[in-house]
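**Q** This structure is in structure tokens; I'll ask about it shortly.
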Amino acid sequence: MSDDFFAQVFSRDRILGGNTPPTQRANTLLFHIESRTAHLVAQSQAAVQKFLTEEAAHQREMAFIDAFNLGKAPPVPPTIQEIERFAPQWATLVPDNDRLKAALAHQLGQKYRFGKTAVSQLRATLSLDTPALQTAYETLYQAPLDTIYTATPTLRERLAWQWNRLGTWLENLPPFWSVYALTLTEVVGASILALPIALASIGPLPSIALLIIFGLMNVLTVAHMAETASRSGGIRYGSAFLGQVVNDYLGRAGSLILSFGLFALITLVLLAFYIGFATTIAAPTGIPAAVWVAALFATGLYYVTRGSLNATVTSSLVVGAVNLSLIFILMLLAAPHIKLANLLHSNIPFVGGRPFDPSLLELIFGVVLAGYFGHLSVPNSARTVLQRDPSGGSLVRGAMAAQVTVIVVYSIWIAIVNGAIAPEVMAAESGTALTPLANEIGPIVYLFGTIFVILGMGMITIHFALGLFNLTREWLPQQQQPAIALRRREGRLRLHPRRQPAALPQANLVYLGLTQGQPHFRLDVQTRTATRHMELTIGDSWESTPLLEVDDKLLFMVKVVEATEQWARVQLSTRLAVRYEAGRDEVGLSMLDLLQLPDAMAELATWLVREGQATLAAAAAQLGQSEEATAALLADLGERGFVREVEENGRFSYQPRLSTTRTHRLSADMASKISDAPVAATAPQTRPLSLWQQLLNPLLTERGRFFLGLVPMVLVFIAAELQLFTGSQSFTGPLSFIGVVVIAMLGGIYPVLLLPASRQKGEIVPDVVYRIIGNRLLLGIIYVTSLGGILVHGLFIWENPVQRVLALLVAAVIVIVTVNSWRQGAFVPRLVVNVLAQPQQAMLSLAASGQPYVAPVQLSYQNHSPTEQSAAGAIANFATLRQATFQLPAGVARELKVWAFELNAEGSSQPLPAVAELVVGEETAVIDLQLTGGQFILPLHNQPATLTLSFNHSANKNQETA
Numbered sequence: 033m034s035d036d037f038f039a040q041v042f043s044r045d046r047i048l049g050g051n052t053p054p055t056q057r058a059n060t061l062l063f064h065i066e067s068r069t070a071h072l073v074a075q076s077q078a079a080v081q082k083f084l085t086e087e088a089a090h091q092r093e094m095a096f097i098d099a100f101n102l103g104k105a106p107p108v109p110p111t112i113q114e115i116e117r118f119a120p121q122w123a124t125l126v127p128d129n130d131r132l133k134a135a136l137a138h139q140l141g142q143k144y145r146f147g148k149t150a151v152s153q154l155r156a157t158l159s160l161d162t163p164a165l166q167t168a169y170e171t172l173y174q175a176p177l178d179t180i181y182t183a184t185p186t187l188r189e190r191l192a193w194q195w196n197r198l199g200t201w202l203e204n205l206p207p208f209w210s211v212y213a214l215t216l217t218e219v220v221g222a223s224i225l226a227l228p229i230a231l232a233s234i235g236p237l238p239s240i241a242l243l244i245i246f247g248l249m250n251v252l253t254v255a256h257m258a259e260t261a262s263r264s265g266g267i268r269y270g271s272a273f274l275g276q277v278v279n280d281y282l283g284r285a286g287s288l289i290l291s292f293g294l295f296a297l298i299t300l301v302l303l304a305f306y307i308g309f310a311t312t313i314a315a316p317t318g319i320p321a322a323v324w325v326a327a328l329f330a331t332g333l334y335y336v337t338r339g340s341l342n343a344t345v346t347s348s349l350v351v352g353a354v355n356l357s358l359i360f361i362l363m364l365l366a367a368p369h370i371k372l373a374n375l376l377h378s379n380i381p382f383v384g385g386r387p388f389d390p391s392l393l394e395l396i397f398g399v400v401l402a403g404y405f406g407h408l409s410v411p412n413s414a415r416t417v418l419q420r421d422p423s424g425g426s427l428v429r430g431a432m433a434a435q436v437t438v439i440v441v442y443s444i445w446i447a448i449v450n451g452a453i454a455p456e457v458m459a460a461e462s463g464t465a466l467t468p469l470a471n472e473i474g475p476i477v478y479l480f481g482t483i484f485v486i487l488g489m490g491m492i493t494i495h496f497a498l499g500l501f502n503l504t505r506e507w508l509p510q511q512q513q514p515a516i517a518l519r520r521r522e523g524r525l526r527l528h529p530r531r532q533p534a535a536l537p538q539a540n541l542v543y544l545g546l547t548q549g550q551p552h553f554r555l556d557v558q559t560r561t562a563t564r565h566m567e568l569t570i571g572d573s574w575e576s577t578p579l580l581e582v583d584d585k586l587l588f589m590v591k592v593v594e595a596t597e598q599w600a601r602v603q604l605s606t607r608l609a610v611r612y613e614a615g616r617d618e619v620g621l622s623m624l625d626l627l628q629l630p631d632a633m634a635e636l637a638t639w640l641v642r643e644g645q646a647t648l649a650a651a652a653a654q655l656g657q658s659e660e661a662t663a664a665l666l667a668d669l670g671e672r673g674f675v676r677e678v679e680e681n682g683r684f685s686y687q688p689r690l691s692t693t694r695t696h697r698l699s700a701d702m703a704s705k706i707s708d709a710p711v712a713a714t715a716p717q718t719r720p721l722s723l724w725q726q727l728l729n730p731l732l733t734e735r736g737r738f739f740l741g742l743v744p745m746v747l748v749f750i751a752a753e754l755q756l757f758t759g760s761q762s763f764t765g766p767l768s769f770i771g772v773v774v775i776a777m778l779g780g781i782y783p784v785l786l787l788p789a790s791r792q793k794g795e796i797v798p799d800v801v802y803r804i805i806g807n808r809l810l811l812g813i814i815y816v817t818s819l820g821g822i823l824v825h826g827l828f829i830w831e832n833p834v835q836r837v838l839a840l841l842v843a844a845v846i847v848i849v850t851v852n853s854w855r856q857g858a859f860v861p862r863l864v865v866n867v868l869a870q871p872q873q874a875m876l877s878l879a880a881s882g883q884p885y886v887a888p889v890q891l892s893y894q895n896h897s898p899t900e901q902s903a904a905g906a907i908a909n910f911a912t913l914r915q916a917t918f919q920l921p922a923g924v925a926r927e928l929k930v931w932a933f934e935l936n937a938e939g940s941s942q943p944l945p946a947v948a949e950l951v952v953g954e955e956t957a958v959i960d961l962q963l964t965g966g967q968f969i970l971p972l973h974n975q976p977a978t979l980t981l982s983f984n985h986s987a988n989k990n991q992e993t994a
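Just so we're aligned, residue 33 is where the sequence shown starts under our numbering, counting upward by one.
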């Protein structure tokens, strides 16, 4: 791709005006619309993707950004139906220019087929029904505007538009009903076919009592997850996943155990569904179950190679609605076969003189918990719902109402199915409950049951296969990130500790262009004590060995894949998380900065601008002070990004760094001195590889990582085939085991730990909070019940020694994680300072212990005297705000989190250009928030502190006009 093409695609003049023909500008605008639409579609799909890992989601995001920065079509191009659906979201891209709108309409008509009545939102966005627009179109193309519309759509097109209308309606349901529908369809799935088998021995009426008890417990725990999500700023405004929230609230140990738990959950449920699907489909078709397992495995493998199932909210809700309908049909078919003896059957240990029989109970606890588990769907859908109902009330109420509905559905299902089938027959079934139902009712059960199994079990295995593959790849060492294009001084790659976006240190990589034909970069490093700026000339690759002296966590390698003057395509290998941050590069000294510097520092900076380059000795002589004092001033200027250190032939000197977007304010002589000055070059550096690394490296290539990611999936396939070959297969067995050792932890222990932690550390205070769900007695009962169930199975119910050992091990891990989280301060208060800039207004808020915290703040504006206001509410004239100073008393919280961000057109957060200075006792930390994603966490040591936020609004203006 040529540089000229790249420059044309991303020239703002081409979008907003200029002397070029409107057709060319319309092409550019259409490219931006398609890119934003594709991105919005991907975001909406994330809400229904089961077990989408953080790294997989961000790699997909990187693919979109890479394509956009290179001017290529999105990885998954949008359809015209999606462009119509998301028209309100991309409307802000369209200038108020009738000629350009007319040209865009023409390009849309040339590329896509659509009828006039089908694109009401698109017509409104482009003002296609106005006389002015129609006149502009006729002037440009000598034809009426209606020629862009298709008169006779094909059958396929009509179906696509009907599906689009359904999707628009479903995705715009009231927030409560959106959560309700997504949670209900997530919970009621294939595990319902295991419930009659697990509960057959004790009888329908005792089973219903157990379903109600465990169901009410899950009503509370899903509410815990909903409130936790509503308090998380990362979920609400960012792209945080549950693992990141757990890491923030419960620590690294809690996050690690969550990952292991998810791995075990996916593996064993995938095994159970392979068995359940194959044995159920084999009966009516006569094709061996082993063949069906192979077919299901091959289907999952196909979608793993594609990378996604591309499921949407619409498809998920429609499939869920069909599954629920099939369940009700099966209940109607079974109802006439209910026998009173079966319905009244009861066999409860210790009741009526009955002895304790572990075999009666070994399936109940786990299968029932598995049947109610849908807690992970709540954080996935939370972001979309919270954008429409920020109070969080709809999220909590919708999730709770869905679980109550599940209790009702399960109770009726058990009463009918177990009332129709003799308990000894149902309990002996190794497959699903459909087989004994078909034997009792007839082959018609297989007709509806097969559809249910395909939709509720077969399709789900694809999600689980993708989740298992992505989770395995996430665990592999030294991750090789996908290549991504960085435009010159536009956007940066931010590296931070995994699942800790607010932790330090962090590094940022910015492309500066070519220097003597070689790619030139700047590396900005933010630690707790300093900000460092390094400039690198990278021929092929560069390893971060010099940074290990700063912090041993900063280990990564940069490989330049391709570079031009306008962009460089780079690939990073690292265990750190890599995120792309949009925005114009603003590191450098402006005239406004010079005016705001202290006198001595301003004098030194001004002299350096005149000189262009100087040694430490020359600078000290100019100021008439010691080299030690001058070095301190230069270090301070370096931390602010105003000075860079240059090494030439072993001698160090200093150069000023001027903001590239403001050089036009300086004299031509000054600008030429800066642009012609030599830059620091660092030769590629590598470290010798250890023997272990030499052995691992071939496996950690992209191809090697792909095959390693497939290993667990292949092992599950082999295990399923072996069970079928030996006749030891069981559908309910794996579900019961995973329900006891994993779901009791993920759906019971974690919610009751996360809720109190979020009420101490959450960034957001939701408007709607139900205090009763956080009652300590209720939390204690759920915790003890979940942990006790695991212990009882390990000590008394299970007879298999492996199962018993694993149950006791999991119980011990739960206790260790709980104690470790408590000792690390998971339940102690955190003070959070939020600055949220929205298009309409900016908001300032403080939260401590999950409650609004009121403290005075001094606001300093440009050309105005400082003002005092309470640290809550709207900020007047935010565009002219220069500083906000908070006086934080001792004892309010153990640690401080600062989050300063603005919301873009898609509702995602971007860091505000601001510098934070935190003074705690004698310690001072200066943090550039643009280098840390707009956030950081630092301890307060139970001392009074002063926090000063200094804003650079000109950076935003430059980004808007760049």
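For each residue, glycine too, the CB sits at the ideal point set by N, CA and C.
In chain order, what residues of the same chain lie with their CB nearer than 6 angstroms to the CB of A15, ignoring the 5 residues before and after it?
**A** Since the first residue shown for the chain is 33 and the last is 994, residue 15 is missing from the structure and cannot be characterised.
**Q** Could you tell me how far apart the beta carbons of G235 and P455 are, in whole angstroms, since I believe they sit closer than 8 angstroms?
**A** Locating residue 235 in the sequence shown gives position 203, where the first residue counts as 1. Locating residue 455 in the sequence shown gives position 423, where the first residue counts as 1. Yes, they are in contact, since the Cβ atoms of G235 and P455 sit about 7 angstroms apart, within 8 angstroms.
**Q** What did DSSP end up calling K591 once you bin it into helix, strand or coil?
**A** Translated into the one-based positions of the sequence shown, residue 591 becomes position 559. Strand, per DSSP.
**Q** Counting only runs that start and end within the segment 439–525, where is the alpha helix (DSSP H) found for 4 or more residues in a row?
**A** Runs found: 455–459, 466–473, 476–485 and 491–507.
**Q** L527: which of G779, L487, R611 and A367 sits nearest, CA to CA?
**A** Sequence index remark: in the sequence shown, residue 527 carries index 495 (1-based). Closest option to L527, Cα to Cα, is R611.
**Q** For V278, which option in E659, I396, P533 and R57 has the closest C-alpha, if you only look at C-alpha atoms?
**A** Numbered from its first residue, the sequence shown carries residue 278 at position 246. Among E659, I396, P533 and R57, the Cα nearest to that of V278 belongs to P533.
**Q** Three or more C-beta pairs under 8 angstroms: does that hold for the segment 918–931 against the segment 860–870?
**A** In short, these stretches touch, since the Cβ pair count reaches three.
**Q** Under three-state DSSP, which class holds A948?
**A** Position 916 of the sequence shown, counted from the first residue, corresponds to residue 948. Reduced to three states, the DSSP call for A948 is strand.
**Q** May I ask you to report which of helix, strand or coil DSSP gives E635?
**A** For the purposes of this step, residue 635 is identified with residue 603 of the sequence shown, where counting begins at 1. Note: E635 maps to helix in three-state DSSP.
**Q** May I have the straight-line CA-CA distance separating L237 from L487, to the nearest angstrom?
**A** Locating residue 237 in the sequence shown gives position 205, counting from the first residue. Locating residue 487 in the sequence shown gives position 455, counting from the first residue. Approximately 30 angstroms between the Cα atoms of the pair.
**Q** Whole angstroms are fine: how far does the CA of M249 sit from the CA of I814?
**A** Working through the sequence shown from its first residue, we reach residue 814 at position 782. Working through the sequence shown from its first residue, we reach residue 249 at position 217. About 7 angstroms.
**Q** How is Q890 classed by DSSP in three states: helix, strand or coil?
**A** Locating residue 890 in the sequence shown gives position 858, where the first residue counts as 1. In the structure shown, Q890 sits in a strand (DSSP, three-state: E or B).
**Q** Which residue wins for smallest C-alpha separation from Y478, given the options Y334, T260, L365 and L191?
**A** In the sequence shown, residue 478 corresponds to position 446, counting from 1. The shortest C-alpha separation from Y478 is found at L365.
**Q** Check whether the segment 763–780 and the segment 291–308 touch, using three or more Cβ-Cβ pairs below 8 angstroms as the test.
**A** Verdict: yes, contact present.
**Q** For A150, does the three-state DSSP call read helix, strand or coil?
**A** Mapped onto the sequence shown, residue 150 falls at position 118. A150: coil per DSSP, three-state reduction.
**Q** Within the same chain, show all residues whose beta-carbon is closer than 7 angstroms to that of Y281, passing over the 5 residues directly before and after it, in chain order.
**A** Translated into the one-based positions of the sequence shown, residue 281 becomes position 249. L786, A789, S790, K793 and A858, listed in sequence order.
**Q** Could you tell me the boundaries of the alpha helix (DSSP H) in which E567 lies?
**A** Taking the first residue of the sequence shown as 1, we reach residue 567 at position 535. Run containing E567: none in the alpha helix (DSSP H); it sits in the beta strand (DSSP E), T563 to T569.
**Q** List the residues that DSSP assigns as beta-bridge partners of E955.
**A** Counting from one through the sequence shown, the residue named residue 955 turns up at place 923. For E955, which the question treats as bridged, DSSP gives the partners V952.
**Q** Around the Cβ of T978, are there at least 16 other Cβ atoms within 10 angstroms (buried) or fewer (exposed)?
**A** Counting from one through the sequence shown, the residue named residue 978 turns up at place 946. So T978 counts as exposed.
**Q** How long is the line joining the alpha carbons of V251 and V428, rounded to whole angstroms?
**A** By one-based count along the sequence shown, residue 251 stands at place 219. By one-based count along the sequence shown, residue 428 stands at place 396. Their backbone Cα atoms lie some 10 angstroms apart in a straight line.
**Q** I'd like the span of the alpha helix (DSSP H) that includes W122, first residue to last.
**A** Within the sequence shown, residue 122 is the residue found at index 90, counting from 1. Looking at the DSSP string, the run of the alpha helix (DSSP H) that includes W122 is A119 to W122.
**Q** Given this structure, state the Cα-to-Cα distance separating V593 from R524, to the nearest angstrom.
**A** On the sequence shown, position 561 is the one that residue 593 refers to. On the sequence shown, position 492 is the one that residue 524 refers to. Their backbone Cα atoms lie some 16 angstroms apart in a straight line.
**Q** Within the same chain, show all residues whose beta-carbon is closer than 8 angstroms to that of V870, passing over the 5 residues directly before and after it, in chain order.
**A** By 1-based counting over the sequence shown, the position of residue 870 is 838. Note on residue identity: the sequence assigns Gln, not Val, to residue 870. Same-chain partners within the cutoff: E934 and L935.
**Q** Taking the alpha-carbon of A497 as reference, which of V151, L963, M745 and I750 has the nearest alpha-carbon?
**A** Counted from its first residue, the sequence shown places residue 497 at position 465. The residue with the shortest Cα to Cα distance from A497 is M745.
**Q** Helix or strand or just coil, what does DSSP make of E597?
**A** The residue given as residue 597 occupies position 565 in the sequence shown. DSSP places E597 in coil when its eight states are reduced to three.
**Q** Going by C-alpha to C-alpha distance, which of L214, F382, L84 and L963 sits closest to V417?
**A** What you label residue 417 is simply residue 385 of the sequence shown in a count that begins at 1. Out of L214, F382, L84 and L963, L214 has the C-alpha closest to the C-alpha of V417.
**Q** Which first and last residues belong to the alpha helix (DSSP H) in which N412 is found?
**A** Here residue 412 refers to the residue found at position 380 of the sequence shown. Here the alpha helix (DSSP H) through N412 covers S409 to R420.
**Q** Between which two residues does the alpha helix (DSSP H) holding A222 run?
**A** Counted from its first residue, the sequence shown places residue 222 at position 190. It is not in any alpha helix (DSSP H) - A222 carries neither H nor E in the DSSP assignment.
**Q** Sorted by chain position, which residues of the same chain lie with C-beta nearer than 8 angstroms to G247's C-beta, five sequence neighbours on each side aside?
**A** Counted from its first residue, the sequence shown places residue 247 at position 215. Closer than 8 angstroms at Cβ, skipping near neighbours: Y404, Q435, V436, V438, I439 and Y442.
**Q** Go through its chain and collect everything with a Cβ distance to W324's Cβ below 7 angstroms, but skip five positions before and after it.
**A** Here the question's residue 324 lines up with position 292 in the sequence shown. These residues qualify, in order along the chain: F309, A310, I313 and A314.
**Q** Are the beta-carbon atoms of A752 and Y306 separated by less than 7 angstroms?
**A** As a first step, residue 752 is located in the sequence shown; it is residue number 720 there, counting from the start. As a first step, residue 306 is located in the sequence shown; it is residue number 274 there, counting from the start. Contact flag set, yes.
**Q** Apart from the five residues on each side of it in sequence, which residues of its chain come closer than 7 angstroms, Cβ to Cβ, to H256?
**A** Here residue 256 is taken as the residue at index 224 of the sequence shown, counted from 1. Correct list, in chain order: P783, V784, L786, L787 and I805.
**Q** Would you tell me roughly how many angstroms separate the C-alpha atoms of V219 and I473, rounded to the nearest one?
**A** Counted from its first residue, the sequence shown places residue 219 at position 187. Counted from its first residue, the sequence shown places residue 473 at position 441. Their backbone Cα atoms lie some 27 angstroms apart in a straight line.
**Q** Evaluate the contact criterion for the segment 968–977 versus the segment 946–960: three or more CB pairs, one atom per stretch, below 8 angstroms.
**A** Taking 8 angstroms as the limit for Cβ pairs, the verdict is that the segment 946–960 does touch the segment 968–977.
**Q** Using only the alpha-carbon positions, how far apart do A137 and A880 sit?
**A** If you number the sequence shown from 1, residue 137 lands on position 105. If you number the sequence shown from 1, residue 880 lands on position 848. For A137 and A880, the distance between alpha carbons rounds to 51 angstroms.
**Q** Are I586 and A539 touching if we call contact CB-CB under 7 angstroms?
**A** Working through the sequence shown from its first residue, we reach residue 586 at position 554. Working through the sequence shown from its first residue, we reach residue 539 at position 507. Here residue 586 is Leu; the residue named in the question, Ile, does not match the sequence. Yes.
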